[in-house]
Each structure stands twice: as structure tokens, then as C-alpha cells.
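These notes concern the structure reproduced below.
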Amino acid sequence: MELVKPSIGLIFWMIVSFSIILFLLKKFAWKPILGMIKEREESIENALASAEKAKLEMKALQSSNERILAEARSERDALLKDAREIREKMISEAKNAANKEGERMLAAARENIQIEKNKAIADLKNQVASLSIEIAEKILRSELSSDEKQKTLVNTLLKDVNLN
Amino acid sequence: MVNKINIFKHFLLSASLLLISSVSFSYEPPDTVAVRSHSAGAPAHHDESHGFDAGKMILEHVVDSHEWHLWGHTSIPLPVIVKTDKGFEVFSSSHFGHGGSEEYQGKNYTYALKEGSIVVVDELDGSVDEAATASLYDFSITKNVMSMFITMALMLWIFLTVAKAYTKNAGKAPKGLQSFVEPLIMFVRDDLAKPSIGEKRYERFMPFLLTVFFFVMISNYLGLIPFFPGGVNLTGSISIAMVLALFTLLITVFVGNKHYWQHIFAMPGVPIPVLIILTPIEILGVILRPFVLMVRLFANITAGHIIALAFFSLIFIFGEMNAGLGYGVSILSLVFTVFMGFLELLVAFLQAYVFTLLSAIYFGSAVDEGHHIHNHEDDYLPENSAHV
Numbered sequence: 003m004e005l006v007k008p009s010i011g012l013i014f015w016m017i018v019s020f021s022i023i024l025f026l027l028k029k030f031a032w033k034p035i036l037g038m039i040k041e042r043e044e045s046i047e048n049a050l051a052s053a054e055k056a057k058l059e060m061k062a063l064q065s066s067n068e069r070i071l072a073e074a075r076s077e078r079d080a081l082l083k084d085a086r087e088i089r090e091k092m093i094s095e096a097k098n099a100a101n102k103e104g105e106r107m108l109a110a111a112r113e114n115i116q117i118e119k120n121k122a123i124a125d126l127k128n129q130v131a132s133l134s135i136e137i138a139e140k141i142l143r144s145e146l147s148s149d150e151k152q153k154t155l156v157n158t159l160l161k162d163v164n165l166n
Numbered sequence: 194m195v196n197k198i199n200i201f202k203h204f205l206l207s208a209s210l211l212l213i214s215s216v217s218f219s220y221e222p223p224d225t226v227a228v229r230s231h232s233a234g235a236p237a238h239h240d241e242s243h244g245f246d247a248g249k250m251i252l253e254h255v256v257d258s259h260e261w262h263l264w265g266h267t268s269i270p271l272p273v274i275v276k277t278d279k280g281f282e283v284f285s286s287s288h289f290g291h292g293g294s295e296e297y298q299g300k301n302y303t304y305a306l307k308e309g310s311i312v313v314v315d316e317l318d319g320s321v322d323e324a325a326t327a328s329l330y331d332f333s334i335t336k337n338v339m340s341m342f343i344t345m346a347l348m349l350w351i352f353l354t355v356a357k358a359y360t361k362n363a364g365k366a367p368k369g370l371q372s373f374v375e376p377l378i379m380f381v382r383d384d385l386a387k388p389s390i391g392e393k394r395y396e397r398f399m400p401f402l403l404t405v406f407f408f409v410m411i412s413n414y415l416g417l418i419p420f421f422p423g424g425v426n427l428t429g430s431i432s433i434a435m436v437l438a439l440f441t442l443l444i445t446v447f448v449g450n451k452h453y454w455q456h457i458f459a460m461p462g463v464p465i466p467v468l469i470i471l472t473p474i475e476i477l478g479v480i481l482r483p484f485v486l487m488v489r490l491f492a493n494i495t496a497g498h499i500i501a502l503a504f505f506s507l508i509f510i511f512g513e514m515n516a517g518l519g520y521g522v523s524i525l526s527l528v529f530t531v532f533m534g535f536l537e538l539l540v541a542f543l544q545a546y547v548f549t550l551l552s553a554i555y556f557g558s559a560v561d562e563g564h565h566i567h568n569h570e571d572d573y574l575p576e577n578s579a580h581v
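Protein chains in written order, with our numbering: chain A, 3 to 166; chain B, 194 to 581.
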């Protein structure tokens, strides 16, 4: 029964060397290997978690971007609307002002014209008067230049008066 | 994933090639066996007319030896260290001659080999000195011890290299040897230690579990290689299996908490009359579980070696009857041996797995605190897996 008989030498060497190799491997192999594997697993886990976080953040960022964009768009629309209103207002105001001014100028011009016309009429009247006087003077002079003429005139005049 | 499968395929392929080559190297022709066994001096078992003795040849290959037989008449002599009542003595096993037929005149006694073990003989007539032999302790560096040293050196080389690789490319994907070893380490950690011991407590057992797993696995695979430095039935040696089981027993006993011992000496909720029967069984179970570990490992690995050798013995047995028959059977033997070799590749891994798993389960039950459902699951596992 050589097969199942434990041998003292083999047991002794196995205990000694197995203890030694257990110690050596524990200290110089298993500790660093398991440590590194764990560390790597943790770092992978962390990386995954932070990727997930980044994804969420990205999503949040995207939605806030969209919100900001919508806000900007509505603001732009409001601004445009305001601008359009202001423009219209300005144009109408300007139009009004121009009309008023035009009317004012027209009225002034009309007044001036009236004044000038009155002036011209007055002038013309004066000139006509003086001309008439001059003409009458001249006629009188020529009519009254001789006695005979004076007599005729008087006769004519008297003739008219008699009939009245 | 694909890469892993490829590595495994290569591994299987090279292993099967090694097995096939075993045909040409590992087995001596029957005449040498006959000469050896004759010169070893075993008159009762053997006589020349009987020819090839398969049982003897197989046993010689399976048990320990003081020399490492390579091929034909070439073997490596190994140092013999004996302690007698007169002190230690160290000499080379080559003094016993090839096959151990000669006596060696040492400092204190005259030694000889009798059926593989060293005995003290009388200088003059060569008869065994029973009294001196009884006090003789053999601490020789035998074939198994040598093979154990080789396995351990290989382990040191592999894992120190791997550890260096881990510190060198920390945080990066594994490369080379590292990527071959890492899945196994992860397997031991995630599939053996964590589920059996628990997420919180498994870490302190990892060094032992990993060392045992790789020691058993590497020496099992080395044992499947038919030529030097493999081919030794190391884990199939009862002493080696015993020491491994002893470590498991000692660790279980030392880490066992109150809860564990309470369940052994006074199972809670069990009436006293039943306890009288149950407690001795539980106490016996503490010893029995590592004992079963030992027997399982020893029997499985030894059986593998015996079967492979038996198939080749068939060639010589039939060859002695008729040369043609021998050639015919050799083809059949070869096919069966290759088949068995593949099975042994599986068994080599499986035994490492089972030994580590059961050790982990024992540790788990020893440090278990809770009253959860898994508490008694481990009681059934050894029986379930006993057939592997």
C-alpha cells in the first residue's frame, strides 16, 4: 500500500515550502495583483459613473441651451416688433409734422401774397390817381389856352346844366 | 472574448500534442521493466517467466521515487537526506545504483532501497535492521519533492512577473502572461471566493485560495506532460493532498467564529437527545471535510495517471501474446489515451476548482455571522460534488 502511505519527508517539505510560497506570493504577487485589479475596476467604475454624469449634464445643458435659444428668439421677435412699431410711429410722426409744416408754410405764403397784392393795388391806385390828375391838368391847360375855347367850354357846360 | 477562446484552443492543441508524444517517451519497453523489478529484489511478486507485470510498472510510475527516471537507463539522481538515531546523513541516490540494487555504506549505517523506501541493512549479510529502520526518518529530496519545487518555482516566476506587469502598466488592459492569468484570478475571486465567503469577508482568504488553486492546477497540468520536468504524480500523492487539506482545516479552525462553533457543539434549536447524536457527527465533520478534500484530489489525479498507464500496459500485455496483436491494440490504446488525456485536461482544472471552491465554502461557513438562507447550503455541496 505504497500508494496511500503518507511519507514524512514529503509532508515536511510540502509544509515548509507551501508556507514559504504562500507567504512570498501573498506579499509580492497577490497583494499587488488584487490591489491593482481592484483599483482598475474602481477607476473603470468611476469613469463610467462620470461618463453617465457627463451625459446627464450634457442633457441638462442641452435643454438649458434650448431654453436660452427660445428665450433669445422670443426676445428677438419682441425687439423686432418694437422696432417695427417705433419705425411706424416715427414715420407717421414725421409725416404729420411735415404736413403741418407744409400747411403752415402755405398759409404764410398765402398771407404774404395777400399783403403784396394789397400793396400793389394801393400803389396802382396812387399811380392811376396821379396820372389822372396829370392828364386832367394837361387837358385843362389845352382847353383853357384861348378865350374862345374858354367860352365854348363854358357854353357847353352851361347847356348841360340848363337842361337839368 | 474571442481572444480568450483562441488562447484556450492553442492550449488544448499543444496539450494534446504533448499527450500524443507521451507514447514514444514515457514508457519503457517491457524488458527493462522486468530487469528493474527483478534487480529491485521483489521475489514474491515477480518471476522471470511471468514477463510484463502491469501492476508493478504502473505503481512504480505513480508513487514517489528517489531518482527521477528520464528514459531507458538514464535517470537523475536526487539527494537522500535521512535522520537516524545517530543523526542526519546526506548522500546522492546514485549510490544505490540504477534501479536501487546496491547498498550504500554511510557514516552511521549501511542503507539500501527496499520497495522504494530506504532501510538500514546489516553491513555483512544485507538483512534489514528492523530496529534502526524504525527510527529512520526519510527527508530526501525525492522526485515528488523536486517536482513540487519545480511547480513552486514556476509559480513564483509566473506570478512575480505578472505582479510586475500589473505595477508597470497600472490601470491599463492586461498584456501577455498577465492576460492569461487574470481571467483565472478573477474566476477564483468572483466565482469561488465571493459567493462562498461573502463580499465583505472574502479578501483575507484570497492569498490562500489563489495559491492552492494555482498550485493544484499547475502541478496537475505538469503531471500530464509525460517527460521531464512533468509527468510526476504530485497532486496524486497522498502526502501533498494531505498537507493542502491540512492548511484548509487549520485555517477553518483558526478563523471559526462563535456562530460556527456553536453550530458544531450545540446546534441551536435542536433538542438535547438529538444533540447527543448530532454533536459527535458535527465534530467528526470538521475533520472529515478536509479528509474528503484530500481523498478526492489524491484519487482523481492518481486514477488519471493509472488509466493512461493501464492503456499502454495493454499494448505490452497483448504484445507478449502476439506481436501483431500488440500493434493492433496499440492503435486502440493510443486512441483511448488521447481521449483520456482530454478528459484529464478537464479533470486537472476541475480538481483545482473543486478543491478551491470547497475550501472557500468551509471558510465561508466558519466566518458566517448571519442566519440567512444560505447557511446550510454548504452542507450538501461536498456530497453533491463527491463524484467529480
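Every residue, glycine too, gets a C-beta built ideally from N, C-alpha and C. The structure presented is a predicted model; accordingly, all values stated were derived computationally and were not measured.
If you count every other CB in all the chains shown that lies within 10 Å of the CB of residue i, and 16 or more means buried, which is it?
i: B:Pro236; result: In this prediction, B:Pro236 has a pLDDT of 38, which is less than 50 and means its spatial position is unreliable; what the coordinates show is noted afterwards. Exposed: under 16 other Cβ atoms inside 10 Å.
i: A:Ser45; result: exposed
i: B:Tyr520; result: exposed
i: A:Arg1; result: In this structure chain A extends from 3 to 166, so residue 1 of chain A is not present and cannot be described.
i: B:Ala559; result: buried
i: A:Glu43; result: exposed
i: B:Gln371; result: buried
i: B:Glu191; result: Only positions 194 to 581 of chain B appear in the structure, and residue 191 of chain B is not among them; the question remains open.
i: B:Asp318; result: exposed
i: B:Pro483; result: buried
i: A:Glu192; result: As displayed, chain A neither begins before 3 nor continues past 166, which places residue 192 of chain A out of reach and without an answer.
i: B:Pro466; result: exposed
i: B:Asp246; result: buried
i: B:Gln455; result: exposed
i: A:Val163; result: exposed
i: A:Leu160; result: exposed
i: B:Ile378; result: buried
i: B:Thr360; result: exposed
Alpha helix (DSSP H) containing residue i: first to last residue?
i: B:Tyr304; result: Here B:Tyr304 belongs to no alpha helix (DSSP H); instead the beta strand (DSSP E) covers 303-307.
i: B:Gly478; result: 465-514
i: B:His254; result: 247-255
i: A:Glu54; result: 33-145
i: B:His456; result: 451-458
i: A:Leu27; result: 10-27
i: B:Leu439; result: 431-448
i: B:Pro461; result: Note, B:Pro461: premise wrong, no alpha helix (DSSP H); not H, not E.
i: B:Ser389; result: 387-390
Would you tell me roughly how many angstroms separate the C-alpha atoms of residue i and residue j, rounded to the nearest one?
i: B:Leu443; j: B:Glu513; result: 51 Å
i: B:Leu329; j: A:Phe14; result: 15 Å
i: A:Arg2; j: A:Leu63; result: With chain A running from 3 to 166 in the structure shown, residue 2 of chain A is simply not present.
i: B:Pro464; j: B:Arg382; result: 39 Å
i: A:Ala85; j: A:Lys119; result: 50 Å
i: A:Lys28; j: B:Phe542; result: 22 Å
i: A:Gln129; j: A:Thr158; result: 31 Å
i: B:Leu468; j: B:Ala459; result: 7 Å
i: B:Leu518; j: B:Val275; result: 47 Å
i: B:Val448; j: B:Gln298; result: 49 Å
i: B:Glu562; j: B:Phe284; result: 54 Å
i: A:Ala56; j: B:Ala346; result: 48 Å
i: B:Gly497; j: B:Thr326; result: 33 Å
i: B:Met355; j: A:Phe25; result: This sequence places Val at residue 355 of chain B; Met is not what is there. Approximately 17 Å, taken between the alpha carbons.
i: B:Leu353; j: B:Gly290; result: 39 Å
i: B:Phe556; j: B:Leu349; result: 25 Å
Return the first residue and the last residue of the beta strand (DSSP E) that residue i is part of.
i: B:Ile418; result: Per DSSP, B:Ile418 belongs to no beta strand (DSSP E) and is neither H nor E.
i: B:Lys276; result: 272-277
i: B:Phe281; result: 280-285
i: B:His262; result: 260-264
For the putative contact between residue i and residue j, defined by C-beta atoms under 8 Å, what is the C-beta separation to the nearest angstrom?
i: B:Asn413; j: B:Ile494; result: 6 Å
i: B:Val338; j: A:Gly11; result: 7 Å
i: A:Ile35; j: B:Thr404; result: About 12 Å separates the two Cβ atoms, so there is no contact after all.
i: B:Val409; j: B:Gly416; result: Their Cβ separation, rounded to whole angstroms, is 10 Å, which puts B:Val409 and B:Gly416 out of contact at 8 Å.
i: B:Asp257; j: B:Lys336; result: 6 Å
i: B:Pro272; j: B:Ser340; result: With 8 Å as the limit, B:Pro272 and B:Ser340 do not qualify as a contact, their Cβ atoms being about 14 Å apart.
i: B:Leu385; j: B:Leu536; result: Not really, about 22 Å apart at Cβ, beyond 8 Å.
i: B:Ile457; j: B:Ile476; result: 6 Å
i: B:Ala434; j: B:Met487; result: 4 Å
i: A:Met16; j: B:Val436; result: 4 Å
i: A:Glu4; j: B:Gly309; result: 6 Å
* Which residues, in chain order, does the region 52-83 of chain A contribute to contact with chain C at a C-beta distance below 8 Å? -> Absent here is chain C; the protein component of the structure consists of chains A and B.
* To do: At 4 residues or longer, and completely inside the region 302-383 of chain B: list those alpha helix (DSSP H) runs for me, N to C.
  => 323-327, 336-361, 370-380
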